[in-house]
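Scroll down for the structure; my scribbles are underneath it.
Protein chains: 2
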Amino acid sequence: MTKPMDKKSPIEITLTERNEGVTITQWVYSMLRNAVMNGEILPGRALTIRELAALLDVSPMPIREALRQLAAEGALEIQGNRRVLVPHMTAMKFDELCEARIAIESHAAARALPYIDNVKLDELRQLDCLIDDAQEQGNLNKISILNQNFHRSLYTANPHQVTLPLIESIWLQLGPFMRLATNHLKDHYLVDRHNDAMQAIERKDAFALQIAISADIREGFAFASTPELLQRFIEESES
Amino acid sequence: MTKPMDKKSPIEITLTERNEGVTITQWVYSMLRNAVMNGEILPGRALTIRELAALLDVSPMPIREALRQLAAEGALEIQGNRRVLVPHMTAMKFDELCEARIAIESHAAARALPYIDNVKLDELRQLDCLIDDAQEQGNLNKISILNQNFHRSLYTANPHQVTLPLIESIWLQLGPFMRLATNHLKDHYLVDRHNDAMQAIERKDAFALQIAISADIREGFAFASTPELLQRFIEESES
DNA sequence: CTAATTGAATTGTGATCACAAATACACAAC
DNA sequence: GTTGTGTATTTGTGATCACAATTCAATTAG
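If you read the protein sequences in the order shown, they are chains Y and H.
Numbers 2 to 240, taken from the numbering used here, label the letters of the first sequence in order.
Numbers 2 to 240, taken from the numbering used here, label the letters of the second sequence in order.
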């Protein structure tokens, strides 16, 4: 009965240094954002303002602002009771997010294509090389970040682009599953879709570029090709 | 000594009543959101927390939260100086937003199709009738809202849908141009794209539905078919 | 033992204050 | 008139406090 019941599962997020010129709110925001992306916070676990304030040793104010922003971006969910938590993943939602990624990102890629010059192309090539290096090292975290940089760099070639915030919102909602995607990439990197994309860019072939990006995303999420496999990863992320 | 004289153009937003159970932050948020959608705030005009707090007769706190949320949704822009303002529209950005709408909304429609049953179909038919009525009345505001309801109702037929927040973010960035779109619809409502969409839904024809939604959006924005025309509307919205 | 209840602790919301940075402005120098 | 410069004001940020609503725990009734 009076079992020494611990406090609810403790929240542990990787702390980073606060750079100069960065407001406390921005600092808190980036740490919480990374925590969500890395699956450091259990889905369904309530995030209270005061608890996080004590954890990060700041006043409740910056926490409030960061939580609200992350909720607006879909990284967190605000319940009717005004409780804030990391939303649970479901197989159907995962499928929707995956297909939304494909639809939006292939569109963003095609829209960026006309703006890609040789300088940008070199930048993309370098990023792709870095990814290959990281894959040989097997540095999962690095691969994931570099892979996102590759996509981001491609889409932002379009100076009038408006979709990157939407894309990043989906990435946030995918959270730790984004890392699993890049993990699986390693096994199948025989077919380098980034290379396909680069060749399509060189040929200024928008359709081929869309195919390559779509395939890159879809094959990355092949680890969830069956409902059973996906369910395993979901359960894994909830513990 | 110096009197509080407003040198800047005064901010005037339509005030609404605060419903019960709605927090002040939510109330402020919805008013500011409507103000942006209706073009009541001049692009480039700085929105200061204290000024809005005085205007709405609340403390600065709810204003801060509402502004941050709207900025996260793309309705407002936070400059490096941390000034908050309604972003300026450009011809290129308008084009990007329009094409993004087409890509995402046609995707959302196709994804919703399998979930549309007869009940939902009736709901859509009723909404379409209401739109026709409003068009005969020439009630621009009503048309605009009903038209958004039609699209929203269609996309939310999918219970696992994840794209509506992204779509609404684009609507917000389009702001007053969304109304112009529905305005122009009136002139060309000979070809009722909503009817096309409905027929595609009845036939469970995803591709035809995408075509209909794309055409509905594109024809709505036909008022900006030439750079000169668009420029006129942009200048109109900035004064 | 289960379920309901009640009181204590915790929570989000919103107001107020302090402060450093950014801005506006009057005035001097050219 | 134009440009620089100092001060005065306004601004966003962040801390602290008050309060109503919610949550949690122990206790009680069945």
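Virtual Cβ for every residue (Gly too), placed ideally from N, Cα, C.
A quick note: this is a predicted structure, and the numbers were derived from the prediction, not measured.
- Within chain Y, the residues placing a beta-carbon under 9 Å from that of H/Gln70 are Arg69, Gln70, Ala72, Ala73, ordered along the chain.
- Listed by position along chain H, the residues whose Cβ is nearer than 7 Å to that of Y/Pro166 are Gly75.
- DSSP places H/Ala47 in the strand class (E or B) of the three-state scheme.
- Note on H/Leu77: 16 or more other CB atoms within 10 angstroms of its CB, so buried under the neighbour-count rule.
- Under the 10 Å beta carbon count, H/Cys99 is surrounded by 16 or more other beta carbons and is classified as buried.
- The C-beta distance from Y/Leu141 to Y/Arg194 rounds to 18 Å, too long to meet the 8 Å contact threshold.
- Within a 10 Å sphere around the beta-carbon of Y/Leu231 sit 16 or more other beta-carbons, which makes this residue buried.
- Straight through space, the alpha carbons of H/Ile144 and Y/Val37 are spaced by roughly 40 Å.
- A distance below 7 Å between beta-carbons, with the five flanking residues on each side excluded, links H/Leu155 to the following residues of its chain, in chain order: Ala110, Ala113, Leu125.
- Take the alpha-carbon of Y/Asn150 and the one of Y/Asn39: they are about 16 Å apart.
- A Cβ-Cβ contact shorter than 7 Å links H/Ala104 with Y/His108.
- Taking 8 Å as the cut-off between beta carbons, the residues of the stretch 78-108 of chain H near chain Y are Thr91, Met93, Lys94, Asp96, Glu97, Leu98, Glu100, Ala101, Ala104, Ile105, His108, in sequence order.
- Identification of chain Y residues near H/Gln162 by a Cβ-Cβ cut-off of 7 Å yields Glu97, ordered along the chain.
- For Y/Glu18, not one C-beta of chain H is nearer than 7 Å to its own C-beta.
- Contact check for Y/Leu128 against Y/Val85 fails: the beta carbons are separated by 7 Å or more.
- A residue is called buried once 16 or more other Cβ atoms fall within 10 Å of its Cβ, and H/Pro63 is buried on that count.
- With contacts defined by Cβ atoms closer than 7 Å, Y/Pro177 and Y/Ser240 do not form a contacting pair.
- The beta carbon of Y/Glu66 falls within 7 Å of a beta carbon belonging to chain H, placing the residue at that interface.
- Here the stretch 66-82 of chain H makes contact with the stretch 64-76 of chain Y; the two share three or more CB pairs at distances below 8 Å.
- The Cβ atoms of H/Ile218 and H/Met90 lie no closer than 7 Å to each other.
- Close partners of Y/Arg194 in chain H (Cβ separation under 8 Å) are lacking, with about 20 Å as the shortest Cβ gap.
- Restricted to the stretch 70-147 of chain H, the alpha helix (DSSP H) segments that are unbroken, complete and at least 4 residues in length are 92-113, 119-138, listed in chain order.
- Proximity of chain H to Y/Ser170 at the Cβ level (cut-off 8 Å) is accounted for by Pro166, Leu167, in chain order.
- Looking at the backbone, the Cα of Y/Leu147 and that of Y/Gln136 are separated by about 10 Å.
- In this structure, H/Pro61 sits near H/Ile50, with a CB-CB distance shorter than 7 Å.
- For the options Y/Ile117, Y/Val59, Y/Arg83, the alpha carbon positioned closest to that of Y/Gln200 is the one of Y/Ile117.
- For Y/Glu41, the secondary structure class from DSSP, reduced to helix, strand or coil, is coil.
- Between the alpha carbons of H/Leu43 and Y/Glu229 lies a gap of roughly 53 Å.
- Secondary structure of H/Gln162 (DSSP, three-state): coil.
- Between the alpha carbons of H/Thr15 and H/Met32 lies a distance of about 7 Å.
- Taking C-alpha positions only, H/Asn35 is separated from Y/Glu97 by approximately 29 Å.
- The beta carbons of H/Gln174 and Y/Val29 sit about 26 Å from each other, so the pair does not count as a contact at 8 Å.
- When secondary structure is reduced to three states using DSSP, H/Arg65 falls in the helix class.
- Distance from H/Ala182 to H/Gly221 at the Cβ level is roughly 4 Å; contact confirmed, criterion being Cβ atoms closer than 8 Å.
- Burial check for H/Asn20: the Cβ neighbour count within 10 Å stays below 16, so the residue is exposed.
- Against chain H, a Cβ distance below 8 Å from Y/Gln174 picks out Val163.
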